[in-house]
Structures are given as structure tokens and as C-alpha cells.
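**Student:** Residue numbers (the working numbering), protein chains in the order written: chain Z, 1 to 431; chain D, 1001 to 1431; chain R, 2001 to 2431. For every residue, glycine included, the Cβ atom is placed at its ideal position computed from N, Cα and C. Below is one structure. I have some questions about it.
Here it is in C-alpha cells:
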């Protein structure tokens, strides 16, 4: 439970808010590289933390992220022509480069008044891991390197990246990812669907049984320099414990607890669009091999794991406006929710908490330990920055190379399990 | 004409408003029983006087009306599973019974902190007359019995119940029902359509002629313990007078003035959804015989009397968004309005007065006597309750068994006509 | 650049605002005559400067412009029956004439209380040039005659009038018309489309070349008693200069700079609907000959010059909601904008400046001279009226007969060019 004041502080990210300023100290994804597919392709609208911007890729392949209003009389540069290393306003031809500098002013006589002096807001961008990243904070604080999330450090062949629109505030959306307890309900089959009790059942069937049989996993948590790893352990019959281990990295990255040894890893980054919607950038990668064409096809089609079925604009086909196409017959007889897709089930649960969740009326439980720690870390970080203390995390780029996933083991402590599963107590991939 | 202050007082029914508190002293319909067709069927959203709720029918057939937010982290129970005498949140499986008690908390360790102590808001419900009724007021004031409106006291075979969405405030919608003067215009054929002047014409043709020829009926009114009966008498050539008699019962019931002796009765109940929309629950009944399959089919199809043609969600097909499909050619040559359906004509006239009618700029006439008395009674009742005086009406359940309708008679006083037509000066059906 | 205060003053036209009161001193178009095609036809909704009204043509052909609420209980007269010299409320039959007088009150007993005393707001109207004009200001200030714009003084055969919805504030929309500099970009082919450099090329090709080659026209401006004429001159190779001459007349008329000698003239009038949308009444006329059926067909179909392709309600098919159907391939290879239609290109540029343009952050240039003068004149006029000085312009009806267009000439001063092209230094058609 939070006070109303802290709930506001946690959730609001517009420029000038404490959390907004904290977010602005980090590089963050603002588009998929493929949304700007080639030099001089059409610009795209980008809304990030309440700021209305456009992104464009210039003739040399550089990506600009600039404000939308032409400095002349405010026409929208979204309609502009992307040509010869700049975007040109359709109204009177003022042209801006990727740094926001106005490099041509055709209806202005030569002279020092305007030429060389006009510029609009522009943010530095970089491309990494098939994403466009931008930094929206003070120029003197730009982190030198991007966070080295493992998927981004691998060859493109080894990963798949996409995003989906989530129609609610970023903070309670990420809370859903830090709470593996909900797997015992939200993603389960309907109770009438029998789990295979055969001890030789395939991994998935065993996992399903363990998840369903133990709705009250024991949680352990361990902080590291950019967040924490949280583990939930369930009884796994005579195999010991089924651990689900999740990474959280500030300001809003998470590695999922699904991957058993040898399986593909998944992770996300949340980026606020406004306080009422966010992008969930979603990654799959395998550190040891290329992803197959078949795997890519499944991710792209959606309806598989954390990959939703998407319509235009990366908006899920199942969404708030259509009650996620809930099917009450399926809910009775097939799945716990009647909503198809793990991603869509998460989207539904999170959207259903409200556009901005009201944390003043909650009743938290021991399985909310990850949620509670997330809030504490973020609130402290935002307050600390507001008090003048610059955060270190944006500069700890190497610390972001973290793994998480599942483990079936007799080990009973988080440290032990992490070492056994990842070779490092905190999940460092480089270790 | 009302002051702006009284107009607010009359129209606003959210919790905490004077009128809202008065409404909350009464049992009121909140759904048709058939919207919750069977045990463990899908829950439905219910919005009543601004409160966001869900209703569900449990395994034993009981109906719960509870708030929508799970006490844990606020997920929407509308998406919940309705199973084994409770609705279960899809996020972490918390389960609530029809009284709002949290009876299962699977992700909470045993112990006295939460178990047995968590509950969400729930309102008592009862079923009566194929409607679900709820009481949203203080628990110590629950009226013991439901208002015994005649339709509800009869066998189901003798009645038909439905509802329709009205896109405006409840108060000026019910005012339309208390004003029989509008029949001389709103529901008439176009002036160029000749009324049959044959004295042997069928009842409907004679009624039409009388209504059209006398747009200025004489009104009489008589209060009773739960409201009033208002009569408008028109000249009916050598048959004397054509009386149209309407009942109003607090807070928002009405019996229509149409039924001539032997004909089917109709009545309504208005229930505010918000201050900007309401449900009109609509009833047809015959005290002496079952309704025929043909009659039921006409009501269900709509476009007959007070039964509108409905689309999904009991929303009329002709509505504010499409100008009620007004046909200007029909308005010129066929009907006074060019809008098909008596219910739709009422809906149009009422919606056209505004979302909340502005009563500060009216010019009322003697035919508005019912409207004026309705306002006076309701304003006094609401102010009286606000001043601490509990109303009696909610407990006078027997007094709601009232009839109204039409009469063709030489009797000239309201008392006389009521006695002649219904055997009682106030229309008591039990008399 | 304007202060925030002046920006508000310039753009707001609701009753009681300084600019709104200034606008209300003038006759203004509120409908096309053909929207009220014949006596007793259906009434239409008219929203003008934030006021909700209806217009109807009565049995005698007179047009009434009255408020929408019936004086009785506020029903919407839009649904009324237009019959026998009045519009009749569908609720209780109150009937209003074109002057807003309630001439029948069928549900009111005879007597002096209401009869002859009830009236609703009504504004005087006149028809002129196939438009319905209305005057919304103080009755004692009604200008005796309508502004004698040339198109309206000609036989109907010589003109074509229409209107289109523009989804932004009136003021920055008209600014687009006073700024011929934008022709060098907004309405150009894509740069890769070669202009014909043959000196014998047809007029259009030469104009295109001159426009494209000189994005920095030299502007001259000359005020007259109802506004100003502004000229932009571009180099026209050995033919001298290509002048584009535009008229502005208060409060919101403009004659376009396109017509070369012998060509058809075009003009517009802007009328605010609200502060967030306006009508652009659009006129074509030839002073010397009837327009051909072919010309009319092109105007009506749209996609030709200032005539947009219109959908229902005179709303352009290409509009804000669909990004003006911008085609990025066409933008690359065919037209500068990728949006089809000159009218649509203007609509896009103007809408893109915002619903209400923010003039506090501009960087104006010498080509914005018309824009600057327009603002100065309008702000002074509105402030002056607010200070108690009545404007003269509304009464100078003859001064509105002004022409504008293009000229190819060696003349170098505005006066000279105007005299040469129109026989008068200010473009008076009567001269």
C-alpha cells in the first residue's frame, strides 16, 4: 500500500516530475529500428513520457528524434519530407537535421538573424539491439554507453525484438512481471482441465502441475547494483523445488522467470508513452544459437508466450476496448481467464487494475515482495535525484547483462540456486 | 421553473448527494433476472447512481452485487471466474461470495491477518417480478419487503419485463411520463393524416381524434402515501370525457395512462446509471390472464407501444447518436415526429431537452401540473432526509399496488373517475 | 510572435470575447442557401462562434435562425416540424416564427400571461449570393446592407459557392491564405519532378517554375478601408516579375492570388464554428461570363484548386483523423506533400499547426508580412471595440467589391501592378 502522494510520485513521468526526471537519466528504447526501415523513409510519431516527438532516419542512416513543431509557424513536421539529410517542413520548406538544427530557411533572406541560429528540441539517439534508444535528460549527463542487456550484445540472428501497446500506467504493468505468484491463476487452464500427474510428464506439464498445486510460492530477494533478482520457489514433488527467478533493472527492465536450462530467454523494457499507456518492448534470445525461422514466425504471429497477436500500430487485437475478447465458455472449460494468450492475459489483468492503479487501498501479501521492493527502490531513486543526488545506475552499463529463468533443484536458498543455474549469485551473464 | 440549486438537487444521485441518499433508501431494480440467466453464468457490469459494480449469480442461484475491484491489488472482478459459490479474481485467485466476503486467499499464508477479515463493498439483493432489486442505502434501514408493484405480484405468465437505455438524466425522463398533454403532439400522425370522424370508429381511432382535437386537457391531481395520481381529461364528443390517468410512486415508478378497461397495463421504473443516463425498466401485465405468445413477440421485437427496438446492451437502435433515425418525409406526411415508435418518440423528446434539463429557463403551463408536483415531492423528500427525517415510503410496500389507465366517462372529478374505473379513488389494485 | 494574451484575444470568438463581439458587428454567412432548399424543408443545425442554433426556411421562403431550445421545457427544435410559417416543437406543439416569436401555444389556456409574450433568441438573416447571412450583434447596430463581395453581385450563372469544414481555429487558417510564400513548397510537385524549362511552356508550367525557383518572394502591402492587399513578387525570368496579389477584408474574407488575366476568380470567407473549427465558404466567379457545366462539375467533385473532395456534412474526405490520406510514396516521387488536392494541402498544413496555433513560439520572416498585418488589424479592431469605439467597416458594404489575382509584368511597385492588372491601386472592381 502506498500513500496517495507516493502513488503519484511512482506513476507520473512527464517532464518535471520526480520519476520523470529519474527516467530521463537513462537511455531508453523509443522505437524498433525496423520502424525506420531505411534512409529517408517516412518519419514516425513518437510519444514518450508525455512528449510529442517525431523520429526519422536521414540519408546517412542516422536517426533524429525531434519535436514536432516547426520553429517558423508551428506546422507539424510529421508531415514533412525526409530528404537529403534532413526533414523539411511542408509549409515553407524549413529543414532540420537529426540534431534539430534548422539547416535551410528558404523563405528567410540571407543574414545573421535566423540562419545558423534556429533549432528545435532534439534528443540524442543510438541504435543497439535493433532498437532506437534515446536520452531525454540533461546533455551533460548523457551516459556514455547503453545498458548491455544480453539480447542486444548478441548477433541479430540470436534474438527477436518487438513491442506492444499496454493501455495502462507503466508501473503497475511492470509490477505484474515481478510477481510470479499470479502464474498459479492467470495463466492456468480451467480447474476442470486435468494436469498430467505422471512423473514422467513433459517439462511443461510438470511445471503446470507445480504452479497449480502451489499458489503460495516462497519468495526470496537479493538486490544488486541495478535492481534485484527475486525468486519464488514452489514444491516440485520429489524433484525438490521449482524456482522461478526474475530480474528487475532500473528504471524498467525485467528478465522473465520462464526459461529452464537450455531454453530461450525473454525480457522486457517498459517505456511510458503517457501516464496512461506504455510500450512493452519484448525480447527473445538464445545465447548459444540462432533462433530458427519457425521460432521467429511464432513470435511474429503472436499468441505464443509473451508475444501478443498484434494489429496495426503494435496494438494488441485483444484489448481494453473489446474486453480482451474474453470467451466465457472458454473461461468455464478451457482456461482460467477465457482470454487467449499469455501476453493478453497479462495485459488484461494489468489494464483491469485501472489506468493508474490505486495503491492506497491494497492488501499486499508475502508474494508481493518483488512489487514492494520495486516500489521502494524506484521511490527512493526518484526522491534521491529530486534531492540533488545523481543516480549511478545509468552509467553501470555492464551491470545490465543479467539472466533469469526457472530451475528445478533441491537447492533451498536464492544464492545457491542462482549460482547453480547461472554460475553467479546475481545472474551476471559475463560471470 | 427551478432555481439552479434545486435543479442540481433534483437531478444528482451520486452517493452523498441529497437525492442520491433518498434514492438509496429504496429497493431498486438493477438488472433483469434473465441477464444472469443461470447459476455460475458470466458476471455483468452494473453501474447505478454512479457506482461501478458487478452482479453475478452464484452456484446456489443467489445474486451478488459487489464492487469491481479486488481487495488485493485492484484487478477488475468483471473478468473473474464465477465458480462454486463465489467469484474468483483472475489475477491471484482471491474469491468473494455474494456478500462481498473474501472466502479464499490462496496466495496468503494461513493466519489471522487477512483470513476471515477481508471484504469488499456488497449490497443486498432480492429477486422479484423477474428483476434483480438491490438496496444501496445504510444497512440498518433496509426495507423489509419490496414494493408490491402489481406486475410483480402476478404469475410470470401474466407479465413481460424489459428495460431500455435512456441517454439523459432520470428526472426529466420521468417528467415525460407524468405529462399526458404531450400525446396531442409527440405521438400523433402528421396533421395531413385524417382521423376517422365516424362515431363508430374503433377505440384507437376515437382516442386519436380526441387527443388531437384537445391539446389542452384539464388536469386534476390527488396525492397518496407514495406519490400521486394525475388525470388529464379531454372532451370526447358525446361520450363525455376521455380521461388519461397516470400514477407516480416515489422514487421513480410510474403507471401509464393508456389502458382502457380490459386492456393490458404498462408501467416503468427509472434507475439512474449516472446523472447523464438511466435505465427505464418497462413492464406490461394483465391482471386477469396470461399474455399471449404473440403479445410477447411484439414486445420483444419492439416498435410497439412503450417497447423500443433494441440493439446490443438494451440500447435503442434509434438513439441520440443517429438523431433517432428521424425521417423528414415521414414527419411531413405520416407522423408528427418522423421518428418511429412511441418509446423512441419519448426517448427523442426527452434526450432533446439536454443531458440534464435546464429548469431555470422554462415556461410551465397548467398541463405541467404533474411535472410540478413530482418536483415538489422529490425535492421535499430529499431535503427532509438531508435534515435527518427518514422517509416512510420505502416501508409502505403494499401501497405500491396501484393501477392507472384511460377511461371514457361522463364523470367529471378525478375521485369519481378513479372509483368508477378502478374501484378506488387512488387506484389501489387490492381495493 | 504574439503574447499568450494576444493569442487568446485573436482566436476566441464566443459571445462576450473581444474578437467575438467584433465578429458580431458583421453580417456573416451561416449556411449555403441550398442547405435550406425549399419552403418548409427540414431545419438544419447551425453552430456559429460557439452558439447552438437552428436555421429553417418557412412557408414563405424566409430563413429563421433561432436558438434550439423551446421556451416551454427546453426540447430541441431541431426535431421540430417546419409547417405553415413556423417551426413547431414536437413535444407540446409550441410554434415559432422566423423572428423567434412563439405564435402558437396549444397547451396554454387563453390569457395574457404567455400568449403574445414568449419569444426565443433569433437573429436577422438575409440571402445574398446563394448564401444565408446572419447578424449576431446588437440589434441597433445591424448594418443596412451586406458586404458587396463581387461574386455575390453577379448573376448566379457566373458563380459557384460551397463550403468546407476546417478542423482548426479560424485565425491561423486565414493566415494561410495571406501568405503566398508557401506556394513554393506546399503545393509543389516533388523536387524530382522536372519543371518545363521551355520558355514557350503553358502558363501553368511557367508559374510552377517561377514559384519553385523563388521561395523568397518580395512582399508589398497596402491597406484600404476594409483591410489590405498584399502582393508577393517572384522573378519571372525575362518576363519580369510574377506577382501574386491577395485581398484581406475584415473580419475574415480573402480573395486568392491565382487568377491571371481572364481567369476565374476565387475567394473565401471564414466563419468560426467554435474556437476549434471553422467553415471556409469558398467562391469561384467569372465577372464576364457564365461558368460552364464542366467547370461546375469539377468544383463539385472536388480535388480541383480550392475545392476539396467532400464527404457528408461538407467535411473533407481527407482530414485530420486520417492524416489527410498522406501517401509517402507520392510525397517522395510526385508531390511535395503526398496529399492530393490544393485545398487539402492547405487544410493539412493549417490543421497541423494545432487546433489553436501557439503564436508565442514563432519565428516570423519577411514573407509573413500579410500574417503580421492581419493580426495587427484584427487585434486593434477588437481592442478598439472593447474600448467602446464602434467599427466602420461593417457599414462600408461597397468597399468589399475587391479583386485579386496574379500578374506577370515588369512593373515593380504594388500600386503600379494593381493599376495595371485591375485598373485600381486597391483592386476595386467598380473602378
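1. So with Cβ pairs under 8 Å, would you call residue 108(Z) a contact of chain R?
2. Select from the region 262-286 of chain Z all residues with a C-beta closer than 7 Å to any C-beta belonging to chain D, and list them in chain order.
3. Curious, which full-length beta strand (DSSP E) runs of at least 3 residues does the region 1116-1140 of chain D contain?
4. Are the region 1090-1103 of chain D and the region 1116-1123 of chain D in contact at 8 Å, needing three or more beta carbon pairs?
5. Do residue 345(Z) and residue 337(Z) have their CB atoms nearer than 8 Å?
6. Report yes or no: is there a C-beta of chain Z within less than 8 Å of the C-beta of residue 1493(D)?
7. Which stretch, first to last residue, makes up the beta strand (DSSP E) that contains residue 2248(R)?
8. Check each candidate in 2315(R), 2139(R), 2366(R) and 2060(R) and name the one with the smallest Cα separation from residue 113(Z).
9. Does any residue of chain Z bring its CB to less than 8 Å from the CB of residue 2336(R)?
10. In angstroms, rounded to a whole number, what distance separates the CA positions of residue 35(Z) and residue 44(Z)?
11. Could you tell me the alpha carbon to alpha carbon distance between residue 444(Z) and residue 244(Z), rounded to whole angstroms?
12. Can you tell which of 20(Z), 30(Z), 354(Z) and 250(Z) has the C-alpha that lies nearest to the C-alpha of residue 65(Z)?
13. Who are the neighbours of residue 2354(R) on chain Z, taking C-beta pairs under 7 Å?
14. Would a C-beta distance cut-off of 8 Å place residue 1966(R) and residue 2403(R) closer than the cut-off?
15. List the residues of chain D that residue 326(Z) touches, going by C-beta distances under 8 Å, in chain order.
16. Under 7 Å between beta-carbons, which chain Z residues line up against residue 2358(R)? List them in chain order, please.
17. Given residue 149(Z), which residues of its chain have a CB within under 6 Å of its CB, disregarding the five upstream and five downstream residues?
18. Are there 16 or more other CB atoms within 10 angstroms of the CB of residue 2408(R), so buried, or fewer, so exposed?
19. Please classify residue 204(Z) as buried or exposed, where buried requires at least 16 other C-beta atoms within 10 Å of its C-beta.
20. Along chain D, which residues have their Cβ under 7 Å away from the Cβ of residue 316(Z)?
21. Based on Cα-Cα distance, which residue from 1221(D), 1006(D) and 1269(D) lies nearest to residue 1162(D)?
22. Would you verify that the beta carbon of residue 1015(D) is, or is not, closer than 8 Å to some beta carbon of chain Z?
23. Going by DSSP in three states, residue 2368(R) sits in which element: helix, strand or coil?
24. If contact is defined by three or more beta carbon pairs under 8 Å, each pair taking one atom from either stretch, is the region 1210-1225 of chain D in contact with the region 1352-1363 of chain D?
25. Using the Cα positions of residue 1431(D) and residue 2102(R), report the straight-line distance between them to the nearest angstrom.
26. To the nearest angstrom, how far is the alpha carbon of residue 2299(R) from that of residue 2037(R)?
27. Mind listing the chain R neighbours of residue 1344(D)? Cutoff is C-beta to C-beta under 7 Å, in chain order.
28. Would you say residue 1092(D) reaches chain Z, if we count a Cβ-Cβ gap shorter than 8 Å as a contact?
29. For residue 412(Z), which residues in chain R fall below 8 Å Cβ to Cβ?
30. Indicate whether residue 2048(R) and residue 2271(R) have their beta-carbon atoms separated by less than 8 Å.
31. Going by CA-CA distance only, name the one from 329(Z), 197(Z) and 61(Z) that's closest to residue 1042(D).
32. Counting only Cβ-Cβ distances shorter than 8 Å, please list the residues of the region 117-128 of chain Z near chain B, keeping chain order.
33. Quick check: the Cα distance between residue 2007(R) and residue 2360(R), rounded to an integer number of angstroms?
34. When you compare only the Cα positions, how much space is there between residue 275(Z) and residue 147(Z)?
35. Quick one: Cα of residue 1176(D) to Cα of residue 2308(R), how far?
36. Looking at C-alpha atoms only, which residue of 2118(R), 2051(R), 2332(R) and 2249(R) is the closest neighbour of residue 2395(R)?
**Tutor:** Well, looking at it:
1. Taking CB atoms only, residue 108(Z) has a neighbour in chain R less than 8 Å away.
2. Flagged: no residues at all.
3. Counting only runs of 3 or more, we get 1125-1128 and 1131-1135.
4. Verdict: yes, contact present.
5. Going by C-beta atoms, residue 345(Z) is nearer than 8 Å to residue 337(Z).
6. With chain D represented from 1001 up to 1431, any question about residue 1493(D) goes unanswered, as that position is not in the structure.
7. Membership of residue 2248(R) in the beta strand (DSSP E) is indicated by the continuous run 2241-2249.
8. Residue 2366(R) is the option with its Cα nearest to residue 113(Z).
9. Chain Z contact via Cβ: present.
10. Taking the straight line joining both Cα atoms gives about 8 Å.
11. Past the edges of chain Z, shown from 1 to 431, lies residue 444(Z), and the structure says nothing about it.
12. Nearest Cα to residue 65(Z) within the set 20(Z), 30(Z), 354(Z) and 250(Z): 30(Z).
13. Listed along chain Z are 74, each with a C-beta nearer than 7 Å to that of residue 2354(R).
14. Because chain R is modelled from 2001 through 2431, residue 1966(R) falls outside the range shown and cannot be assessed.
15. By Cβ distance, chain D contributes 1079.
16. Close to residue 2358(R), with beta-carbon spacing below 7 Å, are these residues of chain Z in chain order: 74.
17. Excluding positions up to five away in sequence, the list reads 400.
18. Buried, since its Cβ has 16 or more Cβ neighbours within 10 Å.
19. Per the 10 Å Cβ criterion, exposed.
20. Contacts between residue 316(Z) and chain D, judged by CB atoms closer than 7 Å, are missing: the closest CB pair is about 15 Å apart.
21. Considering only alpha carbons, the answer is 1269(D).
22. When Cβ-Cβ separations below 8 Å define contact, residue 1015(D) makes no contact with chain Z.
23. If DSSP states are grouped into helix, strand and coil, residue 2368(R) belongs with the helices.
24. Judged by Cβ distances under 8 Å, the region 1352-1363 of chain D makes no contact with the region 1210-1225 of chain D, as fewer than three pairs qualify.
25. The predicted model places residue 1431(D) with a pLDDT of 48, which falls under 50 and marks its position as unreliable; any figure quoted below should be read in that light. Answer to the nearest angstrom: the Cα atoms are 46 Å apart.
26. Whole-angstrom Cα-Cα distance: 20 Å.
27. Within 7 Å Cβ-Cβ: nothing; residue 1344(D) doesn't reach chain R, min ~12 Å.
28. It does: the Cβ of residue 1092(D) has a partner Cβ on chain Z nearer than 8 Å.
29. Per Cβ cutoff of 8 Å: no residues; residue 412(Z) is ~58 Å from chain R at best.
30. It is a contact, given that the beta carbons lie within the stated cut-off.
31. Looking at the Cα atoms, 329(Z) is the closest of the given residues.
32. In the structure shown, chain B cannot be found, because the protein chains are Z, D and R.
33. The C-alpha of residue 2360(R) is placed about 8 Å away from the C-alpha of residue 2007(R).
34. Between residue 275(Z) and residue 147(Z), the alpha-carbon positions lie close to 24 Å from each other.
35. Their backbone Cα atoms lie some 45 Å apart in a straight line.
36. Just measuring C-alpha positions, the residue of 2118(R), 2051(R), 2332(R) and 2249(R) sitting nearest residue 2395(R) is 2249(R).
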